[in-house]
Amino acid sequence: MEFDTITAISTPMGEGAIAIVRLSGDEALAIADRVYRGPGGKLLSEVNSHTIHYGNLIDPKTQKVVEEVMVTVMRGPKTFTREDVVEINCHGGLVSVNRVLQLVLANGARLAEPGEFTKRAFLNGRIDLSQAEAVMDLIRAKTDRAMNVALGQMEGRLSKLIRELRQEILETLAHVEVNIDYPEYDDVEEMTHGIFMQRAAHVKSELERLLRTSEQGKILREGLSTVIIGRPNVGKSSLLNSLVHENKAIVTDIPGTTRDVIEEYVNVRGVPLRLLDTAGIRETEDIVERIGVERSRAVLKDADLILLVLNNSDELTVEDEQLFQITEGMDVIVIINKMDLPSKIDIDKVKDLAKNRSIVTTSLLEDQGVDELEEAISSLFFAGSLEAGDMTYVSNSRHIALISQALTAITDAMEAIEAGTPIDLVQIDFTRTWELLGEIIGDSVHESLIDQLFSQFCLGK
Ligand code: GDP
Ligand code: ZN
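Once you know that position 353 of the sequence shown is 353 in UniProt numbering, the rest is easy, because the numbers rise by one and skip nothing.
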């Protein structure tokens, strides 16, 4: 396939000392040579592939030096897009990166659309659809952990699993085919309802397992929705600030601040949190007082985690108790703040109210206890629903939809088997499952199943 040459800044904006402007396409080397001046008149179109070169970028119009750069030359097809790729490494500042981008745009490249490099990798056959989507997730990934998930998928873990399931379905169908077409072959295993059922049950349980991971995938991409609640003045904003300052704030394209709620994205020991300070802007107002118990409950309903802040230097109040009430049954970490001040709070009462939830004591003023809080957050998260890092997560909504449909189809098949439906009719639901899973990896939706069967299993020889 032939495409024009695209370019984009391929490092995060405003981060790091070095930025990369990437070019991909047939003209990548020619465009680079128009603006590159290497030592001794070296031409990038003549250097070996996968080498890096020092030089200056010159504006051909003015002959002036624009930037000092290192240029990496990678010829297709051994590149991510399978096209010729040039990466211009320049200083990381916004101004200099933009100058380089403008220069290559003025000399024949077109600005890439979001995800267009990945799209090319797919169109040029470098990666399959689910891998392409994993890369898209990777681009959007907001934390290291989300990054690992996206990477794992990119390496094809989901693709591999889906292929295995499809193969299993295909083999089952092959047996049916043999029984229908060659009933006289007695060396072919008789496909009993029992075996059919067993295979279907296995496929079903694998699909169910994949779907269970999808919720975790969502959390990893979007962050655990974490709400900080507490009476006015207990230290909610201080807590938000220290969590943000001690942790890498996550850059997000989601608008950060709404009118009532301050929102921050942070990565706490690998746990992505979307932190919401409910009091936020209106310090003097109490959330429960303002909107009432029922509505507070509704606001908190969607939270994955509640950080309930109490003031050590005050007695417990009715409002404090109300906060415990409205967070009944949710994941809560209780924080007793202002430990640097003389204690007036009834700790035993707090323990009662907290039931078996963790209680952490802090002095946000003196920067004490934040580590313990972070520990509590990460152990709650990782001890709970998340399994070890080597499992396959499904985090793409198209994949989730297809897996759900495939699950329905295989469940239909099992019901049909149980109802004693002739096996050759059950075949239809099996085939549908196979097709739906194929759509995940962008495979052979149009190919004839029978062709597949006969190319993979040499029957009647
Ligand atoms: P919010 O109304 O719950 O958001 O509370 P803030 O975070 O705005 O804090 C209210 C006041 O308490 C501020 O003056 C903070 O400096 C102070 N504060 C916060 N944490 C501590 C602490 O651990 N010890 C002491 N002594 N003061 C604190
Ligand atoms: Zn506040």
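Even for Gly, the Cβ is constructed at its ideal location relative to N, Cα and C.
Straight-line gap, Arg274 to Asp371 (C-alpha atoms, nearest Å): Looking at the two C-alpha atoms, the distance is approximately 18 Å.
Alpha carbon of Ser24 to alpha carbon of His399, nearest angstrom: Straight across, the Cα-Cα distance linking Ser24 with His399 is about 29 Å.
8 Å Cβ cutoff met for Leu207 and Leu407: Cβ atoms of Leu207 and Leu407: closer than 8 Å.
Nearest-angstrom Cα separation, counted from Thr411 out to Lys204: So the two alpha carbons sit approximately 7 Å from each other.
Ser238 Cβ short of 7 Å to ligand 1 heavy atom set: Distances from the CB of Ser238 to the heavy atoms of ligand 1 include at least one below 7 Å.
Length at least 4, wholly inside the stretch 325-377: the alpha helix (DSSP H) runs in chain order: Listed in chain order, they are 347-354.
Check: Pro232 C-beta below 7 Å from any heavy atom of ligand 1: For Pro232, the shortest separation between its Cβ and any heavy atom of ligand 1 lies below 7 Å.
Where Val47 sits in the DSSP three-state scheme: Val47 falls in the coil class under three-state DSSP.
Sufficient close CB pairs (3 or more, under 8 Å) joining the stretch 330-344 to the stretch 307-317: Enough Cβ pairs lie closer than 8 Å, so yes.
Distance CB(Ile377)-CB(Val266) smaller than 8 Å: It is not a contact, given that the beta carbons lie outside the stated cut-off.
At least three beta-carbon pairs within less than 8 Å, the stretch 91-106 to the stretch 121-133: The stretch 91-106, when compared against the stretch 121-133, does not touch it at the 8 Å Cβ threshold.
Nearest-angstrom beta carbon gap, Thr5 and Arg110 [assumed within contact, 8 Å]: So it is a contact: roughly 7 Å between Cβ atoms.
Limits of the alpha helix (DSSP H) - the one that Thr118 falls within: Glu116 to Leu123 is the span of the alpha helix (DSSP H), which, as asked, contains Thr118.
Gly38 Cβ short of 7 Å to ligand 3 heavy atom set: Only ligand 1 and ligand 2 can be found as ligands here, which leaves ligand 3 out of the picture.
Contact belief for Asn331 with Leu380 at Cβ below 8 Å, rounded distance in angstroms: Note on identity: in this sequence residue 331 is Asp, with Asn being the wrong assignment. Right, their Cβ atoms sit about 6 Å apart.
Three-state class that DSSP yields for Ile441 in the structure shown: Three-state result, Ile441: coil.
Candidates Gly156, Val35 and Ala8: closest to Ile440 by CA position: Closest in C-alpha terms to Ile440, from the list Gly156, Val35 and Ala8, comes Gly156.
Contact belief for Val227 with Leu300 at Cβ below 8 Å, rounded distance in angstroms: Rounded to the nearest angstrom, the Cβ distance from Val227 to Leu300 is 6 Å, consistent with a contact under 8 Å.
Under 8 Å between C-beta atoms of Leu307 and Ile326: A distance of 8 Å or more separates the beta carbons of Leu307 and Ile326.
Span separating the alpha-carbon of Pro39 from that of Glu116: Straight-line Cα distance between these residues: approximately 33 Å.
Buried/exposed call for Leu425, threshold 16 Cβ in 10 Å: Classification of Leu425: exposed, given that the 10 Å Cβ count is below 16.
Chain-order list of residues whose beta-carbon lies under 8 Å from that of Gln405 (same chain, five-residue window excluded): In its chain, beyond the 5 residues on either side, Leu436 have a beta carbon closer than 8 Å to the beta carbon of Gln405.
Buried/exposed call for Leu210, threshold 16 Cβ in 10 Å: Buried, since its Cβ has 16 or more Cβ neighbours within 10 Å.
For Val95, the nearest candidate out of Asn107, Arg432, Val21 and His245 (CA to CA): Per the Cα distances, Val21.
Val35, enclosing alpha helix (DSSP H) - first and last residue: Residues Ala28 to Val35.
DSSP beta-bridge partners of His91: In DSSP, His91 forms a bridge with Ile18.
Helix, strand or coil at Asp317 according to DSSP, with G and I counted as helix: Contrary to the premise, residue 317 reads as Thr rather than Asp in this sequence. Assignment of Thr317 by DSSP, reduced to helix, strand and coil, places it in the coil class.
Distance CB(Gly442)-CB(Leu129) smaller than 8 Å: Contact flag set, yes.
Cβ neighbours of Val244 in the same chain (closer than 8 Å, five flanking residues each side left out): Excluding the 5 residues flanking it on each side, Val244 has same chain C-beta neighbours closer than 8 Å at Glu264, Val266 and Leu275, in chain order.
Thr362 beta carbon near ligand 1 (any heavy atom closer than 7 Å): Relative to ligand 1, the nearest heavy atom lies less than 7 Å away from the CB of Thr362.
Residue range of the unbroken beta strand (DSSP E) whose run includes Gly230: Counting along the chain, the beta strand (DSSP E) containing Gly230 begins and ends at Leu224 to Gly230.
Ala388 to Leu353 span [Cα, whole Å]: Low confidence applies here, because Ala388 scores a pLDDT of 35, under 50, leaving its location unreliable and the question unanswered by this model.
Cβ-Cβ separation, Ile88 to Val69 (assumed contact under 8 Å), whole Å: Confirmed, about 5 Å.
Neighbour-count burial assignment, Ser356, 16 or more Cβ in a 10 Å radius: It should be noted that the sequence gives Asn, not Ser, for residue 356. Counting Cβ neighbours within 10 Å, Asn356 comes out exposed, since fewer than 16 surround it.
Presumed contact (8 Å Cβ cut-off) between Ala19 and Cys90, rounded CB distance: So it is a contact: roughly 6 Å between Cβ atoms.
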